[in-house]
Amino acid sequence: NKRVTIPLPRIDIPHFSFGSGEKGGVGQGEGEVGDEVGQGQPQPGEGEAGDQEGKHTLEVDVTLEELANILSEELELPNIEPKGKENIEDKKYKYSGIQRQGPESLRHFKRTYKQALARSISSGDYDPDNPIIIPVKEDRRFRSYKITHEKTANAVILYMMDVSGSMGDEQKEIVRLTAFWLDTWLSTQYKGLERRYIIHDATAREVDSDTFYKTKESGGTLISSAYKLALKMIEDHFNPSEWNIYLFHFSDGDNWSGNDTADCMKIIEQNLLPISNLFAYGQVESRYGSGQFLRDLHKHFGETNEQVTTCQIKDRESIMDALKVFLGKGK
Numbered sequence: 039n040k041r042v043t044i045p046l047p048r049i050d051i052p053h054f055s056f057g058s059g060e061k062g063g064v065g066q067g068e069g070e071v072g073d074e075v076g077q078g079q080p081q082p083g084e085g086e087a088g089d090q091e092g093k094h095t096l097e098v099d100v101t102l103e104e105l106a107n108i109l110s111e112e113l114e115l116p117n118i119e120p121k122g123k124e125n126i127e128d129k130k131y132k133y134s135g136i137q138r139q140g141p142e143s144l145r146h147f148k149r150t151y152k153q154a155l156a157r158s159i160s161s162g163d164y165d166p167d168n169p170i171i172i173p174v175k176e177d178r179r180f181r182s183y184k185i186t187h188e189k190t191a192n193a194v195i196l197y198m199m200d201v202s203g204s205m206g207d208e209q210k211e212i213v214r215l216t217a218f219w220l221d222t223w224l225s226t227q228y229k230g231l232e233r234r235y236i237i238h239d240a241t242a243r244e245v246d247s248d249t250f251y252k253t254k255e256s257g258g259t260l261i262s263s264a265y266k267l268a269l270k271m272i273e274d275h276f277n278p279s280e281w282n283i284y285l286f287h288f289s290d291g292d293n294w295s296g297n298d299t300a301d302c303m304k305i306i307e308q309n310l311l312p313i314s315n316l317f318a319y320g321q322v323e324s325r326y327g328s329g330q331f332l333r334d335l336h337k338h339f340g341e342t343n344e345q346v347t348t349c350q351i352k353d354r355e356s357i358m359d360a361l362k363v364f365l366g367k368g369k
């Protein structure tokens, strides 16, 4: 039930306002050389108390679920169909009936009163002028529950990001915003959703979310190091028969060598695709990045591959288009 606050743009109705006094003229009007044009706007915390109303910002609170529904409608996203073999049975207790015996904590007071009233009327003891109803032991009713087994599905998102010198703060902010929307949507599709974070330059390591978005290195880039670590984490912690696995990799497209790129294609094709619901690569545009890795993926897998989803994210305005590409297949 987490909520977010969204500021709404507000357009004021046009109106006339009185000036704040003669300040001297400029241009072709009145005024002499050296006259003060104005004193400017006071800085926050300066000036005297005023008698005019301030500017108010309209805000609306929405839950993350409502936000996900809005996202779904805007992008026309399909509901995800989890892999069948990972479904896990979960016990659910549902109060669905009434019984004569039970603990006091489950007593149904409304049904107990109705039973006592019916007994009082049928026995002739009920007095409309003095409608006092006293339940006896036989009148008590209790809620009963039954255990149902429902299928649930667990999911894990493995975020991978290049943090080499060519990935700046602007690129990381785009990744952060994209990941927020991915999280928001997938959280509505799965009851249990875990997130893991991998950063890489020439080597890869697992980190927490805060480190993921703030770390910057100055070394080169070996993308295969991230894919190898992701594979090891899946093998150690996320059995593909029990988990829906989503892999999202963000980079500016630079890689150290063609040999490492060839290793990446091999790991994706032979190891990651068979065990994951989705492998998605988002290339964040950078003035220092070559963008070559996206071209290599297209060359190896094709531009419209059902198993490998790729997208170029040029700026913040491109994030919604990227989400449409990443989530539009309903996997």
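For the sequence shown, the numbering used here begins at 39 and goes up steadily by one.
All C-beta atoms, glycine included, are put in the ideal place defined by N, C-alpha and C.
**Asked** Who are Phe200's beta bridge partners in DSSP?
**Response** For the record, residue 200 in the displayed sequence is Asp; it is not Phe. Partner(s): His238.
**Asked** Of the residues Arg233, Met205, Ser204 and Asp163, which one's Cα is nearest the Cα of Phe218?
**Response** Looking at the Cα atoms, Arg233 is the closest of the given residues.
**Prompt:** Do the region 267-278 and the region 298-312 make contact, defined as three or more Cβ pairs closer than 8 angstroms?
**Reply:** Between the region 267-278 and the region 298-312, the count of C-beta pairs closer than 8 angstroms reaches three or more; the two stretches touch.
**Request:** Could you work out which residue in Cys349, Asn192 and Glu244 is closest to Gly329 when comparing CA atoms only?
**Result:** When the alpha-carbon of Gly329 is set against those of Cys349, Asn192 and Glu244, the nearest one is in Cys349.
**Message:** Our contact map puts Arg179 next to Thr150 with C-beta atoms below 8 angstroms; I'd like the distance itself, whole angstroms only.
**Reply:** With 8 angstroms as the limit, Arg179 and Thr150 qualify as a contact, their Cβ atoms being about 5 angstroms apart.
**Request:** With a threshold of 6 angstroms, establish whether the CB of Ile283 neighbours any heavy atom of the ligand ADP.
**Result:** For the structure depicted, the ligand ADP is absent and the ligand set is empty, with no information on it obtainable.
**Prompt:** Given a threshold of 16 other Cβ atoms within 10 Å of its Cβ, counted over all protein chains shown, does Val322 qualify as buried or as exposed?
**Reply:** Buried, because 16 or more other Cβ atoms sit within 10 Å of the Cβ of Val322.
**Request:** Find the nearest neighbour of Phe364 within the set Tyr228, Lys352, Glu344 and Arg354, judged by alpha-carbon distance.
**Result:** Nearest option by C-alpha distance: Glu344.
**Asked** Can you name, in chain order, every residue of its own chain whose Cβ lies under 8 angstroms from the Cβ of Leu332, other than the five neighbours on each side?
**Response** Sequence-distant partners of Leu332 (beyond 5 residues in either direction) whose C-beta falls short of 8 angstroms from its own C-beta, in its chain, are Gly291, Tyr319, Gln321, Thr348 and Gln350.
**Request:** To the nearest angstrom, report how far apart Ser324 and Glu341 are at their CA atoms.
**Result:** Roughly 21 angstroms between the two C-alpha positions.
**Request:** State yes or no: is the C-beta of Val201 within less than 7 angstroms of the C-beta of Glu255?
**Result:** Yes. Within cutoff.
**Item:** Where the alpha helix (DSSP H) through Phe286 begins and ends
**Value:** In the DSSP assignment, Phe286 falls outside any alpha helix (DSSP H) and within the unbroken beta strand (DSSP E) covering Trp281 to Ser289.
**Asked** Cα-Cα, which of Arg157, Met303 and Tyr164 is closest to Val174?
**Response** Ranking the options by Cα distance to Val174, first place goes to Arg157.
**Prompt:** Beta-carbon separation of Leu285 and Leu231 under 7 angstroms?
**Reply:** Contact flag unset, no.
**Request:** Quick one: using the 10 Å Cβ neighbour count with 16 as the cut-off for buried, is Tyr326 buried or exposed?
**Result:** Residue environment for Tyr326: exposed (fewer than 16 other C-beta atoms within 10 angstroms of its C-beta).
**Request:** Return yes when the Cβ of Asp301 is within less than 7 angstroms of the Cβ of Ser247, no when it is not.
**Result:** Note that the C-beta distance between Ser247 and Asp301 is not below 7 angstroms.
**Asked** Can you pull the DSSP bridge partners for Ser182?
**Response** Among the bridge pairs identified by DSSP, Ser182 is matched with Gly135.
**Item:** Whole-angstrom C-beta distance between His338 and Met303, which should lie under 8 angstroms
**Value:** Confirmed, Cβ separation roughly 5 angstroms.
**Request:** Please state whether DSSP places Ile195 in a helix, a strand or coil.
**Result:** In this structure, Ile195 counts as strand in the three-state DSSP scheme.
**Message:** Using a Cβ-Cβ cutoff of less than 8 angstroms, which residues in the same chain neighbour Ser134 once the five nearest sequence positions on both sides are dropped?
**Reply:** So the list reads Ser182, Tyr183 and Lys184, once near-sequence residues are dropped.
**Request:** Measure from the alpha carbon of Gln209 to the alpha carbon of each residue in Phe250, Val194 and Glu142, then state which is nearest.
**Result:** Comparing Cα positions, the closest option is Phe250.
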